[in-house]
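Structure, as structure tokens:
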Amino acid sequence: MEIKESQEELEKAVKYAYEASSKERLQMLYWLKSGQVKSRSAIPSVSFANAERLGRDQATITRWLRKYKDGGRAGLLEVKHAPGKEPIVSGESLERLKQRLEEPLGFHSYNQIQQWLKSEQGLNIGYKTEYPTGSLLSGSQTKSSSSQKHQTASRESISL
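If you want it as structure tokens, here you go:
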């Protein structure tokens, strides 16, 4: 496999690589370019030698080499991240929940939030699902009914 970058360029890139994943990928290229790992132009032999030195599986090294071959250095260093799970309460439902939390009466408990989400938004979610959603609504609060009735200056509330 032909490495396009110079040995000096790769050495400098390894030295100044910020992320560990980039550093080890660049290290692999440096070893190939400098001849520290011998290549017979067959990816499996290169992969095996690099895998041993980097402490990575041979399949990982093969995948990295394919990424380099297809996309160059930028392709090799690109690390894709999974988008994650879509939140259950989102979009218009989340906006309406935020508005409701800003109202003077708000909610008295997390249970009331669950009931409201079920009756008003058609979302049947459990406490463990709602709680993180509620905690992301910074600045919003549920209102404690006893605090509203008996304390005017300082109300006890559960912060979301």
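Residue numbers 48 to 207, in the numbering used here, belong to the letters of the sequence shown in order.
Backbone N, C-alpha and C fix where the C-beta goes; we use that ideal spot for every residue, glycine too.
Predicted, not measured: the structure shown is a model, and the values here were computed from it.
So, is residue i buried or exposed, given that buried needs 16 or more other C-beta atoms within 10 angstroms?
{"i": "Ser88", "result": "With a pLDDT of 43 at Ser88, under the threshold of 50, the modelled position of that residue is not reliable, and no figure is offered here."}
{"i": "Lys51", "result": "exposed"}
{"i": "Gln146", "result": "exposed"}
{"i": "Leu207", "result": "The predicted model places Leu207 with a pLDDT of 39, which falls under 50 and marks its position as unreliable; any figure quoted below should be read in that light. Flag for Leu207 reads buried."}
{"i": "Ser201", "result": "Here Ser201 scores only 34 on pLDDT, less than 50, and its place in the model is too uncertain to base an answer on."}
{"i": "Leu152", "result": "exposed"}
Less than 8 Å between C-beta atoms, sequence neighbours within five positions excluded: which residues of the same chain meet that for residue i?
{"i": "Glu125", "result": "Lys114, Gly118"}
{"i": "Thr107", "result": "Ala98"}
{"i": "Gly173", "result": "Gln161"}
By DSSP, does residue i sit in helix, in strand, or in coil?
{"i": "Glu52", "result": "coil"}
{"i": "Ser81", "result": "helix"}
{"i": "Gly153", "result": "coil"}
{"i": "Glu66", "result": "coil"}
{"i": "Glu125", "result": "coil"}
{"i": "Ser137", "result": "coil"}
{"i": "Leu73", "result": "helix"}
{"i": "Lys173", "result": "Checking the sequence, you will find Gly at residue 173 rather than Lys. DSSP places Gly173 in coil when its eight states are reduced to three."}
{"i": "Gly131", "result": "coil"}
{"i": "Arg110", "result": "helix"}
{"i": "Gly118", "result": "helix"}
{"i": "Arg100", "result": "helix"}
Enumerate in chain order the residues of its own chain whose CB-to-CB distance from residue i is below 6 Å, with the five nearest sequence positions on each side excluded.
{"i": "Lys165", "result": "Asn171"}
{"i": "Ala60", "result": "Leu73"}
Could you give the distance in angstroms between the alpha-carbon of residue i and the alpha-carbon of residue j?
{"i": "Glu167", "j": "Lys127", "result": "38 Å"}
{"i": "Met75", "j": "Glu142", "result": "49 Å"}
{"i": "Lys116", "j": "Gly131", "result": "29 Å"}
{"i": "His155", "j": "Leu144", "result": "14 Å"}
{"i": "Lys80", "j": "Ala129", "result": "32 Å"}
{"i": "Ser68", "j": "Gln54", "result": "19 Å"}
{"i": "Glu150", "j": "Gln159", "result": "14 Å"}
Could you tell me whether the Cβ atoms of residue i and residue j are closer together than 9 Å?
{"i": "Arg120", "j": "Glu71", "result": "no"}
{"i": "Arg100", "j": "Val84", "result": "yes"}
Using C-beta distances below 7 Å, list every residue in its chain close to residue i, excluding the 5 sequence neighbours before and after it, in chain order.
{"i": "Gly122", "result": "Lys114, Tyr115"}
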